[in-house]
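Right, one structure below, let's go through it.
2 protein chains.
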Amino acid sequence: MKPRKSNSRDRILVAAADVAREAGPGNLSLDAVASRAGISKGGLLYNFPSKAKLMQALVEQHLQDFHAALEATHAADKRESLLSAYIRLSVQECQETEAAASWIFSAIAEDPEFLTPLKSFKHQLFERLKCETPDLKALLVTYLAIEGLRSMTLFEFHALGEQDRQVLVDALLDMAKS
Amino acid sequence: MKPRKSNSRDRILVAAADVAREAGPGNLSLDAVASRAGISKGGLLYNFPSKAKLMQALVEQHLQDFHAALEATHAADKRESLLSAYIRLSVQECQETEAAASWIFSAIAEDPEFLTPLKSFKHQLFERLKCETPDLKALLVTYLAIEGLRSMTLFEFHALGEQDRQVLVDALLDMAKS
DNA sequence: TCTACTGTACCGTCTGGACGGTATTGTCAA
DNA sequence: TTGACAATACCGTCCAGACGGTACAGTAGA
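In the order they appear, the protein sequences are chains A and B. Counted the way the working numbering counts, the first sequence spans residues 246 to 423. Counted the way the working numbering counts, the second sequence spans residues 246 to 423.
Quick look at the structure:
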């Protein structure tokens with residue numbers, strides 16, 4: 246199926262995310278990505294025949310990574326609920342330095358449709374959580390709060406201090422246990 | 246001081262938000278806004294000497310509106326806490342048809358700095374809520390959940406059904422009372 | 001020989017914005 | 001009262017630059 250992933254592909258994807266973060270989501274041009282990835286524009290267009298394909302790949306890569314991480318986290322401790330695993334993973338993700346996923350804004354600016362896979366992924370996850378979580382109220386509140394945390398990270402609002410965040414996370418994990 | 250508010254200004258601002266929503270945040274061009282507002286490009290640039298000024302005005306208008314609405318809601322019933330008023334107002338805002346504030350994406354794509362006033366507004370509001378709310382845990386969870394709701398509206402994720410949303414809102418208002 | 005590029009040149013389109021004009025209304029001295 | 005001027009609120013055109021994408025010749029490693 247996949248004989249060998251030329252690692253240029255990955256380099257390009259990383260470069261694209263970097264450019265979006267550092268130069269701003271509106272300045273994600275093919276030239277900028279190519280030079281950031283240390284590749285020629287021709288080479289870029291060889292790997293991704295259009296900007297749209299690049300964006301698509303960016304979204305899909307992110308989804309794949311998150312899905313894998315969630316499965317791994319969940320599999321690591323079977324006694325833990327999926328919701329708890331989701332909370333812990335999301336919080337951890339939001340703390341990472343390269344968390345500001347500005348490429349999402351680039352994708353939306355290019356065409357809002359690019360987020361369709363992301364939407365359906367989230368929808369599926371939410372339905373799955375609904376099945377596995379006994380307390381609907383707790384699920385809704387914690388899920389939305391995580392979504393809020395993600396949003397604040399995305400927009401780089403840094404309203405929460407270190408201890409605020411800890412209080413929040415404890416409260417969410419506590420609610421998820423019930 | 247201001248002898249006459251040219252209502253072109255407001256028409257343009259509304260037109261800009263409409264274009265961002267309908268044509269996509271990446272297609273918010275001056276030409277599109279002008280024609281949508283029923284004005285020439287020259288006229289647009291008379292009212293807003295640059296695209297940056299337009300974006301700025303868009304953000305500031307939104308902030309002003311939200312602030313006024315919050316004060317009004319809060320003043321209407323003094324027994325209600327500010328947090329409850331904030332929750333009710335935000336939920337209501339998210340239900341409105343023209344809620345998808347795609348212009349935010351346009352502003353970010355143009356220059357992330359445009360969100361600075363929004364950030365400091367939110368920061369101030371959060372600090373104020375912190376002073377007025379006895380239960381920090383409840384504040385953090387409800388505030389973040391509202392942020393999550395706003396985020397889902399913005400991205401047009403419609404994962405929550407009608408009754409789910411009602412359960413959520415009841416739970417949040419209940420937490421805010423404590 | 002084939003794959004996976006590099007490098008360069010180029011094209012068409014879109015966009016922000018500068019600029020010169022114009023119609024309407026307001027101000028004010030003679 | 002009126003004529004001269006000025007400010008307001010636009011219109012329509014033009015242009016330089018950026019960007020996505022194409023074309024194609026060359027090349028180094030497997």
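We put the beta carbon where it would ideally sit given N, CA and C, even for glycine.
- Chain-order list of residues whose beta-carbon lies under 8 angstroms from that of B:E305 (same chain, five-residue window excluded): Cβ within range, chain order: P362.
- Query: Taking the alpha carbon of A:Q369 as the point to measure from, which residue in B:L334, B:A390, B:F402 has its own alpha carbon closest?
  - Reply: Closest option to A:Q369, Cα to Cα, is B:F402.
- In terms of residue numbering, what span does the alpha helix (DSSP H) encompassing B:L370 cover? Residues 361-377.
- Message: Going by DSSP, what residue range makes up the alpha helix (DSSP H) through A:R333?
- Response: Going by DSSP, A:R333 is part of the alpha helix (DSSP H) stretching over 327-340.
- Task: In the DSSP assignment, find the unbroken alpha helix (DSSP H) run with B:D310 in it and report its ends.
- Result: Segment 296-321, the alpha helix (DSSP H) holding B:D310.
- Message: What does the Cβ neighbour count give for A:D266, buried or exposed, with the cut at 16 atoms within 10 Å?
- Response: Strictly speaking, residue 266 of chain A in this sequence is Arg, with Asp absent from that position. Its Cβ being crowded by 16 or more others within 10 Å, A:R266 is buried.
- Message: For B:L303, would you say it is in contact with chain A, using Cβ-to-Cβ distances shorter than 8 angstroms as the test?
- Response: Not a single CB atom of chain A sits nearer than 8 angstroms to the CB of B:L303.
- Task: Spell out whether any CB of chain A is found under 8 angstroms from the CB atom of B:F359.
- Result: Cβ-Cβ to chain A under 8 angstroms: no for B:F359.
- Backbone CA spacing between A:N272 and A:E341 [nearest angstrom]: A:N272 and A:E341 have their alpha carbons spaced roughly 23 angstroms apart.
- Task: Give the residues of chain A in contact with B:L334, contact being defined as C-beta atoms less than 9 angstroms apart.
- Result: Neighbours of B:L334 on chain A: none; closest Cβ ~16 angstroms, over 9 angstroms.
- Task: Check whether the Cβ atoms of B:A261 and B:V278 lie closer than 8 angstroms to each other.
- Result: Taking the C-beta atoms as reference points, B:V278 is found nearer than 8 angstroms to B:A261.
- Message: Taking 7 angstroms as the limit between beta carbons, can you name the residues of its chain near A:C339, skipping five residues before and five after?
- Response: L394, R395, T398.
- Query: Within the chosen definition, does the segment 348-357 of chain A reach the segment 281-295 of chain A through at least 3 CB pairs nearer than 8 angstroms?
  - Reply: Verdict: no, contact absent.
- Query: Along the chain, where does the alpha helix (DSSP H) that runs through A:R266 open and close?
  - Reply: Unbroken alpha helix (DSSP H) run through A:R266: 252-268.
- Message: Considering only their Cβ atoms, is the gap separating B:I391 from B:S335 smaller than 8 angstroms?
- Response: Taking 8 angstroms as the Cβ cut-off, B:S335 and B:I391 qualify as a contacting pair.
- 9 angstroms Cβ cut-off: residues of chain B touching A:P270: Those within 9 angstroms of A:P270 in chain B are F350, I353, A354, P357.
- Classify B:E392 as helix, strand or coil using the three-state DSSP reduction. In the displayed model, B:E392 falls within a helix according to three-state DSSP.
- Message: With a threshold of 8 angstroms, are at least 3 pairs of Cβ atoms found where one atom belongs to the segment 414-423 of chain B and the other to the segment 317-336 of chain B?
- Response: The segment 414-423 of chain B is in contact with the segment 317-336 of chain B.
- Query: Where B:S253 and A:G287 are concerned, what is the direct C-alpha to C-alpha distance, given to the nearest angstrom?
  - Reply: Roughly 46 angstroms between the two C-alpha positions.
- Message: Measuring alpha carbon to alpha carbon, tell me which residue in B:A313, B:A354, B:H319 is nearest B:M300.
- Response: From the listed residues B:A313, B:A354, B:H319, the smallest Cα separation to B:M300 is found for B:A354.
- Message: Rounding to the nearest angstrom, what Cα-Cα distance links B:K250 and B:E316 in this structure?
- Response: Note on B:K250: pLDDT 46, under 50, position unreliable in the model; no value is reported.
- Query: The alpha helix (DSSP H) with B:D380 in it runs from where to where?
  - Reply: Where B:D380 is concerned, there is no enclosing alpha helix (DSSP H), given that its DSSP letter is neither H nor E.
- Query: Beta-carbon of A:A421 versus every beta-carbon of chain B: anything under 8 angstroms?
  - Reply: At a cut-off of 8 angstroms, the C-beta of A:A421 has no neighbouring C-beta in chain B.
- Task: Give me the Cα-Cα distance between B:L389 and A:F400, rounded to the nearest whole angstrom.
- Result: A straight line joining the alpha-carbon of B:L389 with that of A:F400 spans about 14 angstroms.
- Item | Contacting positions in the segment 400-413 of chain A - beta carbon closer than 7 angstroms to chain B | Those would be F400, F402, A404, D409, V412, L413, in chain order.
- What's the C-alpha gap between B:A321 and B:A313? Going by C-alpha positions, B:A321 is about 12 angstroms away from B:A313.
- Message: Quick check: the Cα distance between B:F371 and A:A404, rounded to an integer number of angstroms?
- Response: Each residue's Cα considered, the two are about 8 angstroms apart.
- Item | Alpha-carbon spacing of B:A416 relative to B:A383, whole angstroms | Roughly 11 angstroms separates the two Cα atoms.
- 9 angstroms Cβ cut-off: residues of chain B touching A:H243: For chain A, the structure presents residues 246 to 423; residue 243 of chain A sits outside this window and is missing.
- B:T378 and B:I332: beta carbons closer than 8 angstroms? Against a cut-off of 8 angstroms, the Cβ pair of B:I332 and B:T378 comes out as no contact.
- Item | Nearest-angstrom Cα separation, counted from B:F359 out to A:K298 | Per the coordinates, the alpha-carbon of A:K298 lies some 29 angstroms from the alpha-carbon of B:F359.
- Task: Rounded to whole angstroms, what's the CA-CA distance from B:D263 to A:T318? Just pull it up for me.
- Result: Between B:D263 and A:T318, the C-alpha separation is close to 42 angstroms.
- Contact set between B:S326 and chain A, taken where Cβ atoms lie within less than 8 angstroms: Close to B:S326, with beta-carbon spacing below 8 angstroms, lies no residue of chain A; the smallest spacing is near 18 angstroms.
- Message: Alpha carbons only, please: which of B:V259, B:G269, B:P270 is nearest the one belonging to B:R281?
- Response: Nearest C-alpha to B:R281 among B:V259, B:G269, B:P270: B:V259.
- Task: Using alpha carbons as the reference points, say which of B:K364, B:F366, B:H307, B:S365 lies closest to B:E343.
- Result: Closest in C-alpha terms to B:E343, from the list B:K364, B:F366, B:H307, B:S365, comes B:H307.
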